[in-house]
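Q: Residue numbers (the working numbering): 768 to 1136.
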Amino acid sequence: MDLTKRERDRNNRMISWVQIAFGLAAAVLVVVAAQMAWGEIPRTADGKPDLSGYFDTATITPLERPEDADAFLTEEAAAERAARTAEGLAAGSANHEPNREAPPVGGDGSRGAAGNVGGYDSFWVDPGERNFQIDGQYRASIVIDPPNGRRPPMTEAAQERLRSQYRGMRRQNDGTAWWLEFDGRGPYDDPEIRPLPDRCLIGFGSTAGPPMLSTLYNNHKRIVQTPDHVMILTEMVHDARIVRINDEHVTPDMRRWFGDSIGWWEGDTLVVDTINFNDTPSMRQATRDLHVVERFTRIDEKTVLYNFTVEDPNTWEAPWTGEYVWPQTDEPVYEYACHEGNYAMGNILRGARRLEREAVAQTASSGDE
768 MDLTKRERDR
778 NNRMISWVQI
788 AFGLAAAVLV
798 VVAAQMAWGE
808 IPRTADGKPD
818 LSGYFDTATI
828 TPLERPEDAD
838 AFLTEEAAAE
848 RAARTAEGLA
858 AGSANHEPNR
868 EAPPVGGDGS
878 RGAAGNVGGY
888 DSFWVDPGER
898 NFQIDGQYRA
908 SIVIDPPNGR
918 RPPMTEAAQE
928 RLRSQYRGMR
938 RQNDGTAWWL
948 EFDGRGPYDD
958 PEIRPLPDRC
968 LIGFGSTAGP
978 PMLSTLYNNH
988 KRIVQTPDHV
998 MILTEMVHDA
1008 RIVRINDEHV
1018 TPDMRRWFGD
1028 SIGWWEGDTL
1038 VVDTINFNDT
1048 PSMRQATRDL
1058 HVVERFTRID
1068 EKTVLYNFTV
1078 EDPNTWEAPW
1088 TGEYVWPQTD
1098 EPVYEYACHE
1108 GNYAMGNILR
1118 GARRLEREAV
1128 AQTASSGDE
C-alpha cells in the first residue's frame, strides 16, 4: 500500500521518538550499572574513590602478635582486651594525692618514664579503645605476612646496629651522670645526639611513616585529595606527606625524611610507592634503602583499608606486610605544639651538665679523703 508523504513523515517522527526513548533508557541503565559497580562509596568528580577526610587510626591491636597465638581474636577475647584497656586508662587518670611526697631520685624503678618519676597521666594519651575488625573478624596483629603475624628476622647488621644503640643508652636515668663511666660521647653531649622526636623533627612510633602506624597518642590523620596530588597530614608533629599522582621518582641524590612518594590508581585502590629516604627514616631500625608500598582502599562510606609492604634488605631478611582500618571521624586534626624541642631541650642539657659537675665534685671529694 502506498503511503502519502504526510503519513510517511508521521511514521518517521514516531520512529525518532522511539529511538530517543530507547537511548535515554539505555543511558539510565549505564549510569545505574556504573553506580552498582562503583559501590556505595563517595567519589570525586572524575569517578575516583574520594579518600578525603579526617581519620582516627588509633587501635590497641599490636603490630606483631604473640608467638604461637591465633591470627584472630574471639568476640570474648576482643571484649576482654577493650575492657582491660579502659580500666588501665581510668586508673591512669585517677586523681592523685596532692600532698604526696616527691618520688625517689631516679624514680621508684617501676614501669614508666625514667623509672616512673612522674609525668603524663592517661588524660594525655589516646592509644585506642579496641581491636579493629576486617570482614567482621578481629585481627590479633597488624602484620599479616609472614603468616605468623610477626616481622621477619633482622639481619645481623641490623642486630649490631640495635646493640650499638642500646650500648649508647646504657641504662635508664637514675639521677647520676652514669655515662662518664664509659669512653666516647655521652647521650646528652649534643642536642643532635638526641632522638629525632625529642628534637621535634619527626613523630615517634612511625606515626607519619611510611608505613603509618598507631601509637600512644595523636593518631588522627587528614587526607586532602586532588586529581594530581594526595596530601596526608598527621597530627603528631603536624608532619605532611605529599604524594604526586602519575609522576616519576626524583633522582636518588634527593633524600627526604619521609622519602619520595608517587602514586597511581589500580581500580579503586590508590597505590603509593615510596623510596629515597634519608639516613633516619621514622620506621624504627630502617635505613636509607627502605622501600614502602602502601595501598588505600575505601571499603565503605566511613572506612579506609590501609595496607602496606615494607622492604629493607639492610634490616629484615624478607619483606613484610601489614594492614588495618582507618575509621573516618568528624574530629579534626589539632595543632601539635612540640614543646620538647621548643623548651625542654635546654633543660635536658643543663640537667646533664649539673649531674656531671656533681659527679666530678664527688670524685674529687673521694680522692681527698
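Idealized CB from N, CA, C, for every residue including glycine. No experiment lies behind these values; they were computed from the predicted model shown.
Leaving out the 5 sequence neighbours to the left and right, which residues in its chain are closer than 8 angstroms to residue 1045 when beta-carbon positions are compared?
A: Excluding residues within five positions, the ones whose Cβ falls inside 8 angstroms are 1022, 1023, 1024 and 1055.
Q: Please report the distance separating the alpha-carbon of residue 942 from that of residue 872.
A: The alpha-carbon atoms of residue 942 and residue 872 are separated by roughly 6 angstroms.
Q: Does DSSP classify residue 906 as helix, strand or coil?
A: Residue state, collapsed to three classes: strand.
Q: Report the three-state DSSP secondary structure of residue 1052 (helix, strand or coil).
A: Coil, per DSSP.
Q: To the nearest angstrom, how far is it from the Cα of residue 911 to the Cα of residue 1035?
A: Taking the straight line from one Cα to the other gives about 22 angstroms.
Q: Excluding five sequence neighbours on each side, which residues of the same chain lie with their C-beta closer than 7 angstroms to the C-beta of residue 1086?
A: Here the set comprises 1076, 1077 and 1078.
Q: Three-state secondary structure (DSSP) at residue 1028?
A: Correct three-state label for residue 1028: strand.
Q: Counting along the chain, where does the beta strand (DSSP E) carrying residue 1072 start and finish?
A: Here the beta strand (DSSP E) through residue 1072 covers 1070–1078.
Q: According to the neighbour-count rule (16 or more other Cβ atoms, all chains shown, within 10 Å of its Cβ), is residue 805 buried or exposed?
A: Here the model assigns residue 805 a pLDDT of 44, short of 50, so the residue's position is not dependable and the matter cannot be decided.
Q: For residue 979 and residue 951, I'd like the C-alpha separation in whole angstroms.
A: Straight-line Cα distance between these residues: approximately 35 angstroms.
Q: Can residue 1010 and residue 996 be called in contact, C-beta distance under 8 angstroms?
A: Yes, they are a contact pair.
Q: With a threshold of 6 angstroms on Cβ separation, who are the neighbours of residue 1031 within its own chain once the five nearest residues in sequence on each side are excluded?
A: Correct list, in chain order: 1013 and 1038.
Q: Bridge partners of residue 921, per DSSP?
A: DSSP, once it has assigned bridges, lists 1083 as partnering residue 921.
Q: Report whether the distance from the Cβ of residue 1040 to the nearest heavy atom of the ligand SAH is below 7 angstroms.
A: Within the structure as shown, the ligand SAH is missing, as the structure has no ligands at all.
Q: Hey, which unbroken runs of the beta strand (DSSP E) at 3 residues or more fall wholly within the segment 986–1011?
A: Those beta strand (DSSP E) runs which fall completely within the segment 986–1011 and span 3+ residues are 987–992 and 996–1001.
Q: Under a three-way DSSP split, which group does residue 1016 fall into?
A: Looking at residue 1016 - three-state DSSP - the assignment turns out to be coil, as it is neither helix nor strand.
Q: Based on the DSSP secondary-structure assignment, which residues constitute the bridge partners of residue 1091?
A: According to DSSP, residue 1091 bridges with 1073.
Q: Any chance the segment 901–921 sits against the segment 835–849, with 3 or more Cβ pairs inside 8 angstroms?
A: Yes, they touch.
Q: Classify residue 947: buried if its beta carbon has 16 or more other beta carbons within 10 angstroms, exposed otherwise.
A: Residue 947 is exposed by the Cβ-count criterion.
Q: Only counting the same chain, and skipping five residues up and downstream in sequence, which positions put a Cβ closer than 7 angstroms to that of residue 808?
A: Only 816, 1065, 1067 and 1068 meet the Cβ criterion.
Q: Might you give, ordered along the chain, the residues of its own chain that have their beta carbon closer than 7 angstroms to the beta carbon of residue 1019, omitting 5 neighbours on each side?
A: Closer than 7 angstroms at the Cβ level, and outside the excluded window around residue 1019, lie 1043.
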